[in-house]
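Protein chains in written order, with this note's numbering: chain A, 2 to 429; chain B, 6 to 257. Since the structure comes first, as structure tokens, the remarks are kept for the end.
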Amino acid sequence: MNLPKAKQDALTARLAGLSFDARGWLGAARSEALARLGAMGLPGKRDEYWRYTDPTSLTTPEPPPAAAFDAGDETPVFDGIDRVKLVFTDGVFDADASDDLTLAGVEIERLAEAGGADIHWAQGLYGVLEARGQNPVQRPLAALASAFATDGVLIRVTGRAAKPVSLIYRHVSETSDAILHHCVKLEPGAELTLLENGPAAARFTKVLEVEVGTGARFHHIRAQGRDHARRAATHVFARIGAGALFKSFTLTANGRLTRNDAVLELVGDDAVAHVAGASMGDGDFHHDDTVFITHEGERCESRQVFKKVLKNGAVGVFQGKILVKPGAQKTDGYQISQSLLLDGDSQFLAKPELEIYADDVKCSHGSTSGAIDDTALYYLRSRGVPLRQAQSLLVLAFLAEAIGEIEDEAIAEDIRSRLEGWLHRHAH
Amino acid sequence: MLEINNLHVKLEDEDKVILRGVDLKIGAGEVHAIMGPNGSGKSTLSYVLSGRDGYEVTEGSATLEGQELLEMEPEERAAAGLFLAFQYPVEIPGVGNMTFLRTALNAQRKTRGEEELSAGDFLKLVRAKAKTLKIDAEMLKRPVNVGFSGGEKKRNEILQMAMLEPKMCILDETDSGLDVDAMKLVADGVNALRDAGRSFLVITHYQRLLDHIKPDVVHIMAAGRIIKSGGPELALEVENNGYADLLAEVAQ
Numbered sequence: 002m003n004l005p006k007a008k009q010d011a012l013t014a015r016l017a018g019l020s021f022d023a024r025g026w027l028g029a030a031r032s033e034a035l036a037r038l039g040a041m042g043l044p045g046k047r048d049e050y051w052r053y054t055d056p057t058s059l060t061t062p063e064p065p066p067a068a069a070f071d072a073g074d075e076t077p078v079f080d081g082i083d084r085v086k087l088v089f090t091d092g093v094f095d096a097d098a099s100d101d102l103t104l105a106g107v108e109i110e111r112l113a114e115a116g117g118a119d120i121h122w123a124q125g126l127y128g129v130l131e132a133r134g135q136n137p138v139q140r141p142l143a144a145l146a147s148a149f150a151t152d153g154v155l156i157r158v159t160g161r162a163a164k165p166v167s168l169i170y171r172h173v174s175e176t177s178d179a180i181l182h183h184c185v186k187l188e189p190g191a192e193l194t195l196l197e198n199g200p201a202a203a204r205f206t207k208v209l210e211v212e213v214g215t216g217a218r219f220h221h222i223r224a225q226g227r228d229h230a231r232r233a234a235t236h237v238f239a240r241i242g243a244g245a246l247f248k249s250f251t252l253t254a255n256g257r258l259t260r261n262d263a264v265l266e267l268v269g270d271d272a273v274a275h276v277a278g279a280s281m282g283d284g285d286f287h288h289d290d291t292v293f294i295t296h297e298g299e300r301c302e303s304r305q306v307f308k309k310v311l312k313n314g315a316v317g318v319f320q321g322k323i324l325v326k327p328g329a330q331k332t333d334g335y336q337i338s339q340s341l342l343l344d345g346d347s348q349f350l351a352k353p354e355l356e357i358y359a360d361d362v363k364c365s366h367g368s369t370s371g372a373i374d375d376t377a378l379y380y381l382r383s384r385g386v387p388l389r390q391a392q393s394l395l396v397l398a399f400l401a402e403a404i405g406e407i408e409d410e411a412i413a414e415d416i417r418s419r420l421e422g423w424l425h426r427h428a429h
Numbered sequence: 006m007l008e009i010n011n012l013h014v015k016l017e018d019e020d021k022v023i024l025r026g027v028d029l030k031i032g033a034g035e036v037h038a039i040m041g042p043n044g045s046g047k048s049t050l051s052y053v054l055s056g057r058d059g060y061e062v063t064e065g066s067a068t069l070e071g072q073e074l075l076e077m078e079p080e081e082r083a084a085a086g087l088f089l090a091f092q093y094p095v096e097i098p099g100v101g102n103m104t105f106l107r108t109a110l111n112a113q114r115k116t117r118g119e120e121e122l123s124a125g126d127f128l129k130l131v132r133a134k135a136k137t138l139k140i141d142a143e144m145l146k147r148p149v150n151v152g153f154s155g156g157e158k159k160r161n162e163i164l165q166m167a168m169l170e171p172k173m174c175i176l177d178e179t180d181s182g183l184d185v186d187a188m189k190l191v192a193d194g195v196n197a198l199r200d201a202g203r204s205f206l207v208i209t210h211y212q213r214l215l216d217h218i219k220p221d222v223v224h225i226m227a228a229g230r231i232i233k234s235g236g237p238e239l240a241l242e243v244e245n246n247g248y249a250d251l252l253a254e255v256a257q
């Protein structure tokens, strides 16, 4: 089936500047991804899941220029945490800034070097979860990342990783357009914490595919950089096996446009998937969380907790779906999306969806928009807490449920201190 | 300590006058009680003094140790030594009780130019004070007032008062919703704070509380004004005869 001419032209223009690497097993996977992309075309404003977020700046041949941001007023996030660091500057791996990639129980390879190598496990994963995640909702930018990623990491975990693997994305060039694709495979019983932080580029297109084996545990915590003008389209695709745990938390402060897709499949029985986000925007800020969770196994639990703090015309979007397939009995699904609108100019758009084909399930969802509670504010002030401090305390309280999804207390505390820093800087 | 002169207050959003010339003078170390029928303006008086939004002072003044209260922000009034124990303590999900107490205490100390209390010293202090009010460690850890029973909320108010050590304490119907034992516990907490340098204004509907917290002066408030003041026997008179006689007396 051919694309309409306008869509075809847009796609051709977008791909013109990208180089395609057809070598080896990876080349075959890339070719399939390119075929998927060719059939879908790039996302457009009229696509059902792009109605609240204009994808134009994510699909133009060149990214709109975005100045790098000097966050000299605070130490980088996760700085105090012992971890194995991989640094990408504008999407290019920086070996000098990175650690030696050895970690007991973990194999780490770079995608840029994997094409020729025989990495058997990655062949069954790269582009595979992304391809599954294209149905029933198309995610063309994910296919684009599978086809054209210039680098990424392939991580296989066979035991309990002694420390987190940390991906650090630096943004230097005003016109950088980074495309990365990562794969993580946790063998049965394995455990890994993956940290990601930084703006990555003027525009960042990314896929992370995660296979969580039986009884394995995967923790993902990311902090998307503080750059004001950056744009990003990120995707997490995960397949979660029996008795396995998947937990992902994202902190987003600033950024002109961020679209974070999470497509999670609970395929084994008794699996758990939690996905949470705390985002704060002041002014020219558009943040979109789009989540699709499929329950296939029995007695699985999923939680979606998304909180957005918006001011000065910032826009927050949440599109969250729970699909319970026939036979996924005793499913426990929970979804909450809330915004705290600090003024009358900001906007929150939420689209919760439930689609249930099993008869013995528990699914709840809720969405609210509100201002800071005046009575609580007065109560705090009447005890001597100054106005701004009282407001910050209430904003942090609003975000607490999302941060509560981070299991590691040291990491949670780090995230909390980032939030406090942001609130302090954006108090008025 | 607290001096209120000819205070007139109306609601900000509607044309409704609530206080119509309140005069009240409370000396250091004194305990005053205000009683009065529903709608007489007792709670409004406490809100206006503590700085709640929604009220407009049209005339009069209120000073705490000579400082003009009505021009200060609520947090400045607190730092100056004013404390209101709420009739309906506010629930704040997501803010731990300990964090709340410590933030409030240190904010006040900072405003007054005093040194902030260390985590260790604070913990010692709060544990000791909580114990006498039968507030357990679990209650201190929970979010402020969330899931607390009526009695627990009122005890939590008294704990805040004990921690913040204000000069002027206003208790707005602190006895409402309390059983006899809980009221005794709260009253003991208040009595433990009685001091030559600390004054109390106890707002209540019932004489019962005044058996436990013995007032020096009792005021009767009606229609936005204090219509009669006297000794503790005035509270007994209200208890026995209601307000009708007093109101009739004033109307003459």
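From the three backbone atoms N, C-alpha and C, an ideal C-beta is built for every residue, glycine too. Owing to the predicted nature of the structure, the values given are computational and were not obtained by experimental measurement.
Contact with chain B by residue i, beta-carbon distance below 8 angstroms
i: residue 50 of chain A; result: no
i: residue 448 of chain A; result: There is no way to answer for residue 448 of chain A, as the model of chain A reaches only from 2 to 429.
i: residue 383 of chain A; result: yes
i: residue 377 of chain A; result: yes
i: residue 380 of chain A; result: yes
Proximal chain A residues relative to residue i, where beta-carbon distance stays under 7 angstroms
i: residue 19 of chain B; result: Simply none; closest approach about 17 angstroms.
Test: residue i CB closer than 8 angstroms to a CB of chain A
i: residue 170 of chain B; result: no
i: residue 99 of chain B; result: yes
i: residue 57 of chain B; result: yes
i: residue 95 of chain B; result: yes
i: residue 165 of chain B; result: yes
i: residue 68 of chain B; result: no
i: residue 38 of chain B; result: no
i: residue 206 of chain B; result: no
i: residue 49 of chain B; result: no
i: residue 251 of chain B; result: no
i: residue 209 of chain B; result: no
i: residue 116 of chain B; result: yes
i: residue 239 of chain B; result: no
i: residue 89 of chain B; result: yes
Residue i, buried or exposed, once every other Cβ within 10 Å from all chains shown has been counted against 16
i: residue 127 of chain A; result: buried
i: residue 20 of chain A; result: exposed
i: residue 3 of chain A; result: exposed
i: residue 16 of chain B; result: exposed
i: residue 123 of chain B; result: exposed
i: residue 1 of chain A; result: Nothing can be reported for residue 1 of chain A, as the shown portion of chain A is limited to 2 through 429.
i: residue 52 of chain A; result: exposed
i: residue 66 of chain A; result: exposed
i: residue 108 of chain B; result: buried
i: residue 60 of chain B; result: buried
Neighbourhood of residue i by C-beta, 8 angstroms cutoff - its chain only, sequence neighbours within 5 removed
i: residue 196 of chain B; result: 217 and 218
i: residue 86 of chain B; result: 69, 70, 171, 172 and 173
i: residue 100 of chain B; result: 148 and 149
i: residue 395 of chain A; result: 373, 374, 377, 378 and 381
Beta-ladder partner(s) of residue i, from DSSP
i: residue 34 of chain A; result: For residue 34 of chain A, which the question treats as bridged, DSSP gives no partner whatsoever.
i: residue 8 of chain B; result: B:30 and B:68
i: residue 45 of chain A; result: DSSP lists no partner for residue 45 of chain A.
i: residue 357 of chain A; result: A:325
i: residue 334 of chain A; result: A:303 and A:364
i: residue 107 of chain A; result: A:104 and A:158
Within chain B, partners of residue i - CB distance below 8 angstroms
i: residue 399 of chain A; result: 99
Residue i: contacting residues in chain B (beta-carbon distance under 9 angstroms)
i: residue 390 of chain A; result: 80, 108 and 112
6 angstroms CB neighbourhood of residue i in its chain, flanking five on each side removed
i: residue 247 of chain A; result: 213, 219, 239, 241 and 274
i: residue 100 of chain A; result: 85 and 86
i: residue 41 of chain A; result: 139 and 141
Contacts that residue i makes with chain B (C-beta to C-beta distance below 7 angstroms)
i: residue 335 of chain A; result: Here the premise fails: no neighbours, minimum Cβ distance about 17 angstroms.
i: residue 394 of chain A; result: 100 and 108
Contact set for residue i: own chain, Cβ-Cβ below 7 angstroms, skip 5 residues either direction
i: residue 190 of chain A; result: 216 and 217
i: residue 302 of chain A; result: 273 and 333
i: residue 211 of chain B; result: 180
Interface residues of chain A facing residue i [CB-CB closer than 8 angstroms]
i: residue 84 of chain B; result: 385
Residue i Cβ short of 7 angstroms to the ligand NAD heavy atom set
i: residue 359 of chain A; result: Looking for the ligand NAD in the displayed structure turns up nothing, as the structure carries no ligands at all.
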